[in-house]
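Enquirer:
Numbering (the numbering used here), first residue to last: 1 to 266.
#1: Quick check on the burial criterion: 16 or more other C-beta atoms within 10 angstroms. Buried or exposed for residue 119?
#2: Taking the continuous alpha helix (DSSP H) assigned at residue 117, which residues delimit it?
#3: Would you tell me roughly how many angstroms separate the C-alpha atoms of residue 254 and residue 240, rounded to the nearest one?
#4: On the criterion of 16 or more Cβ atoms from any shown chain inside 10 Å, does residue 259 qualify as buried, or is it exposed?
#5: Work out the CA separation of residue 196 and residue 35 for me, nearest whole Å.
#6: Among 55, 151, 229 and 140, which residue has its Cα nearest to the Cα of residue 101?
#7: In angstroms with no decimal places, state the Cα-to-Cα distance between residue 189 and residue 247.
#8: Going by DSSP, what residues sit across from residue 170 in a beta bridge?
#9: Quick one: what does DSSP say residue 164 is sitting in, helix, strand or coil?
#10: Can you tell which of 52, 47, 46 and 81 has the C-alpha that lies nearest to the C-alpha of residue 180?
#11: According to DSSP, residue 81 sits in a beta bridge with which residue or residues?
#12: So what does DSSP say about residue 211, is it helix, strand or coil?
#13: Any heavy atom of the ligand SAH closer than 8 Å to the CB of residue 230?
#14: Would DSSP call residue 24 helix, strand or coil?
#15: Whose C-alpha, out of 94, 72, 37 and 143, is nearest the C-alpha of residue 60?
#16: Just grab the DSSP bridge partners of residue 223 for me.
#17: Which residues in the same chain as residue 231 place their Cβ atom closer than 7 Å to its Cβ, once the five residues preceding and following it in sequence are excluded?
#18: Roughly how many angstroms separate the alpha carbons of residue 250 and residue 174, rounded to a whole number?
#19: Measure the CB-CB distance between residue 106 and residue 78 and report whether it falls below 9 Å.
#20: Mind checking which residues open and close the alpha helix (DSSP H) that includes residue 43?
#21: Check whether the Cβ of residue 70 lies closer than 9 Å to any Cβ atom in chain D.
#22: Secondary structure at residue 59, three-state DSSP: helix, strand or coil?
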């Protein structure tokens, strides 16, 4: 009798051992397909963030290919910053092609989500996001529902970001939102300082990085974001509020057009 009990215990222990797993493999979630279109810099940034967590991504470069995969898409991102005309075409195509329960998350820094969606059929499924180059590396994502955005859509988008370990904050649907508005003003002021020969770009970057514990200096940060993107946000803010603080530094506008700094970077 005693031997029989021991035998049963051994069998029980073996049956509870977990199967071997390879921690390096990240299985793709076949239940989710994220569609991304818009500015290449943002599309690549968001694509990498989702794919890193095993979520399938479709980078849409041609609207004509949207219909072939529209029924499989579970969420769509429109990430155009500079051209509101192109954004309008993109979100209209998404609204017409996607099932009406699929959320459409659109960058709403240069134009509010209410303004973007007010003439579309399925207004309730649109929600704004502070999509701006480099900001997705932060732990928090800003979302902006419009007056029409349904709670179900807002909750589903929040859950989507939670699945890639990002917290979300619901903010007011206003041009610039929070972080992009503040960041663009800091970069703009830094370039006013350079233009007035108060300090060199290198001196400003070092002062702000080490004096305020910023992750990087404002001018080098501006280069990473793209000076044209910063000008687009500031112009939208000035058009919306008509306040002097949003006027673009002439040297910043010149850099956005030419793509290079007006003096040697010393």
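Backbone N, C-alpha and C define an ideal beta-carbon position, used for all residues, glycine too.
Expert: The structure says:
#1: Locating residue 119 in the chain shown gives position 119, counting from the first residue. Around the beta carbon of residue 119, a 10 Å sphere encloses fewer than 16 other beta carbons of the protein chains shown; the residue is thus reported as exposed.
#2: Along the chain shown, read from residue 1 onward, the residue named residue 117 stands at position 117. Counting along the chain, the alpha helix (DSSP H) containing residue 117 begins and ends at 113-117.
#3: In the chain shown, counting from the first residue as 1, residue 254 sits at position 254. In the chain shown, counting from the first residue as 1, residue 240 sits at position 240. Taking the straight line from one Cα to the other gives about 22 Å.
#4: The residue given as residue 259 occupies position 259 in the chain shown. With fewer than 16 other Cβ atoms within 10 Å, it is exposed.
#5: Here residue 35 is taken as the residue at index 35 of the chain shown, counted from 1. Here residue 196 is taken as the residue at index 196 of the chain shown, counted from 1. Their backbone Cα atoms lie some 45 Å apart in a straight line.
#6: Numbered from 1 along the chain shown, position 101 holds the residue referred to as residue 101. Residue 101 has its Cα closest to that of 151, out of 55, 151, 229 and 140.
#7: Residue 189 sits at position 189 when you count from the first residue of the chain shown. Residue 247 sits at position 247 when you count from the first residue of the chain shown. When rounded, the distance between both Cα atoms is 10 Å.
#8: As a working mapping, residue 170 is identified with position 170 in the chain shown. DSSP, once it has assigned bridges, lists 143 as partnering residue 170.
#9: Numbered from its first residue, the chain shown carries residue 164 at position 164. In the structure shown, residue 164 sits in coil (DSSP, three-state: anything other than H, G, I, E or B).
#10: Here residue 180 corresponds to residue number 180 of the chain shown, with the count starting at 1. The candidate whose alpha carbon is nearest that of residue 180 is 81.
#11: In the chain shown, residue 81 corresponds to position 81, counting from 1. In the DSSP output, where bridge partners are listed per residue, residue 81 has none listed.
#12: Taking the chain shown and counting its residues from 1, the one referred to as residue 211 is at position 211. Taken through DSSP and simplified to helix, strand or coil, residue 211 comes out as helix.
#13: As far as ligands go, the structure on display features none, and thus does not contain the ligand SAH.
#14: For the purposes of this step, residue 24 is taken as the residue at position 24 of the chain shown. With a pLDDT of 42 at residue 24, under the threshold of 50, the modelled position of this residue cannot be trusted, and the question is left open.
#15: Sequence index remark: in the chain shown, residue 60 carries index 60 (1-based). Considering only alpha carbons, the answer is 37.
#16: As a first step, residue 223 must be located in the chain shown, where it is residue number 223. Residue 223 pairs with nothing; no bridge assigned.
#17: Indexing the chain shown from 1 puts residue 231 at position 231. Around residue 231: 248, 252, 253 and 256.
#18: Within the chain shown, residue 250 is the residue found at index 250, counting from 1. Within the chain shown, residue 174 is the residue found at index 174, counting from 1. Approximately 25 Å between the Cα atoms of the pair.
#19: Along the chain shown, one-based indexing puts residue 106 at 106. Along the chain shown, one-based indexing puts residue 78 at 78. It is a contact, given that the beta carbons lie within the stated cut-off.
#20: By one-based count along the chain shown, residue 43 stands at place 43. Note, residue 43: alpha helix (DSSP H), 40-52.
#21: Chain labels in this structure do not include chain D; a single protein chain is all it has.
#22: Numbered from 1 along the chain shown, position 59 holds the residue referred to as residue 59. Correct three-state label for residue 59: strand.
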